[in-house]
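Here's the structure we're looking at; comments come further down.
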Amino acid sequence: MQAEPLTLFCLPCAGASATMYLRWKARLPGWIDVQPVELPGRGTRLAEPCVEDFERLASRLCDELRGHGRLESYALFGHSMGALLAYGMTQRLRAAGAPLPRALLASGSPAPARRDTQGLPGKHDDAALIADLRRQDGTPEEVFANPELLRITLDTLGADYRVCESFGYRESAPLNIPVHVLAGRGDAIEPACMAAWRQETDVAFSLDWFDGGHFFIRQQERQVLSALERILSGQRVEVPDAAPVAT
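Note that UniProt numbering has the sequence shown beginning at 1, numbered continuously upward.
Printed below as a string of structure tokens:
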């Protein structure tokens, strides 16, 4: 039986652009229409100023989503900061009575109620930002070797960290849509902070673990895309209580 067509809007991590999801267009089945979301201040929207406030950015993205015209059947996916934005968008769409996504898929991000912004690098400290890029191991070496490209990356990353710092969690009723979480076994995020996404839904929840660090979605792309296809096609997903121990 052919799966129902679905639009998958994908929100990037801090410092990144929509290009991080371009490969997925050719690697996911045709019934999943991958739509990478470009944020202001990068990629095709480089001429626009970055939005550095979480509430304003999430609201703006909701306005743009409602104008997209593909909301009959869609899901939201985000990695790291993108997961937080996807959550904020879903909350705003619910408050506005707009069509909700079929599912919220959060990758590499602690649950909104368990976020700790105290550990973010300094807003204007290049050395701390570079160290963070190195630690997360998701930035090509060519970026560090190119002063102009590195400057753009650091400016964008700094703006995105200010977005994350401005987020304030407000307890609300659980969402009535499934929440599916993807996590890296080698990521620095505590397993309990990933499992806490469970409280954000009163229907289906799943938590999948993958080998790799914060950018496991690149390191284990084939397995991640296979999991996304399985989740979006409505197949049951097992929920482990904690991160498996890597062997």
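Where a beta carbon is used, it is the ideal one built from N, C-alpha and C, also for glycine.
Residue i, DSSP secondary structure in three states
i    : result
W197 : helix
A75  : strand
I32  : strand
V237 : At V237, the pLDDT of 37 sits below 50, so the modelled position is not reliable and the matter cannot be decided from this model.
F215 : coil
A106 : strand
T90  : helix
T7   : strand
G41  : coil
S59  : helix
G82  : helix
V203 : coil
F144 : helix
Residue j beta carbon less than 7 Å from that of residue i
i    : j    : result
G82  : C193 : no
V51  : F9   : no
L182 : S80  : no
L216 : G184 : The displayed chain sequence assigns Phe, not Leu, to residue 216. For F216 and G184, yes; Cβs fall inside 7 Å.
A128 : W197 : no
S166 : D53  : yes
L154 : D126 : yes
G158 : D187 : no
L85  : L150 : no
V163 : L57  : yes
Status (buried if at least 16 other CB within 10 Å, exposed otherwise) for residue i
i    : result
V203 : exposed
T19  : exposed
R115 : buried
P49  : exposed
V67  : The sequence as given places Gly at residue 67; Val does not occur at that position. Looking at its Cβ environment, which holds fewer than 16 other Cβ atoms inside 10 Å, G67 is exposed.
D63  : exposed
P101 : buried
T44  : exposed
L207 : buried
G15  : buried
L76  : buried
A195 : buried
D211 : exposed
L232 : buried
G234 : exposed
Straight-line Cα distance separating residue j from residue i
i           : j    : result
G88         : T156 : 20 Å
S59         : V34  : 21 Å
A95         : Q219 : 36 Å
T7          : L65  : 11 Å
A145        : A227 : 35 Å
H180        : T201 : 10 Å
L104        : S17  : 20 Å
E55         : G41  : 17 Å
P174        : P99  : 16 Å
residue 250 : Y74  : Nothing can be reported for residue 250, as the shown portion of the chain is limited to 1 through 247.
E141        : R92  : 38 Å
V143        : Q136 : 14 Å
R27         : R170 : 37 Å
A113        : E4   : 33 Å
E148        : F205 : 43 Å
L71         : L22  : 21 Å
The ligand GTP heavy atom lying under 6 Å from the CB of residue i
i   : result
P12 : Annotation note on the ligand GTP: not contained in the displayed structure, which lists no ligands.
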